[in-house]
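In the numbering used here, the protein residues as written are 18 to 117.
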């Protein structure tokens with residue numbers, strides 16, 4: 018299974034936000050600068066995490082992104098599903114039925 022770079026970016030951002038859990042929201046611009054990513058593309062990935070309930074978005078000059086729930090309650094699969102969709106990660110070939 019190969020994941021897109023959006024998943025990697027989302028994971029890195031979630032880790033930074035977990036480390037800064039009690040701090041103010043972090044803007045897309047700051048996160049993009051930290052990882053040297055295009056802000057417009059990163060914002061699309063972060064919005065997918067907001068829709069999935071992983072991040073919260075605070076509008077305004079002092080706004081940005083923060084975790085929507087404790088880091089211990091966010092899994093790798095949560096981020097993968099938010100960014101890439103919840104389609105099956107792999108196709109089951111029913112190996113048991115083939116007698117292998």
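All residues carry an ideal CB built from backbone N, CA and C; glycine is no exception.
If you're wondering where the values come from, they're calculated on a predicted model, not measured in any experiment.
For residue j and residue i, believed in contact at Cβ under 8 Å, the rounded distance
{"i": "residue 96", "j": "residue 51", "result": "18 Å between Cβ atoms; not a contact."}
{"i": "residue 66", "j": "residue 26", "result": "Not really, about 10 Å apart at Cβ, beyond 8 Å."}
{"i": "residue 23", "j": "residue 68", "result": "That belief does not hold up - the Cβ atoms of residue 23 and residue 68 are roughly 13 Å apart, past 8 Å."}
Own chain partners of residue i with C-beta closer than 7 Å, once the 5 adjacent residues on each side are dropped
{"i": "residue 56", "result": "45, 46, 49"}
Helix, strand or coil at residue i [DSSP, three-state]
{"i": "residue 75", "result": "strand"}
Straight-line gap, residue i to residue j (C-alpha atoms, nearest Å)
{"i": "residue 30", "j": "residue 99", "result": "14 Å"}
{"i": "residue 70", "j": "residue 94", "result": "13 Å"}
{"i": "residue 78", "j": "residue 88", "result": "25 Å"}
Residues near residue i in its chain [Cβ-Cβ closer than 8 Å; skip 5 each side]
{"i": "residue 34", "result": "43, 72, 82, 83, 84"}
{"i": "residue 21", "result": "100, 101"}
Cβ pair count under 8 Å reaching 3, the stretch 36-52 against the stretch 83-91: The stretch 36-52 makes contact with the stretch 83-91: 3 or more CB pairs, one atom from each, lie closer than 8 Å.
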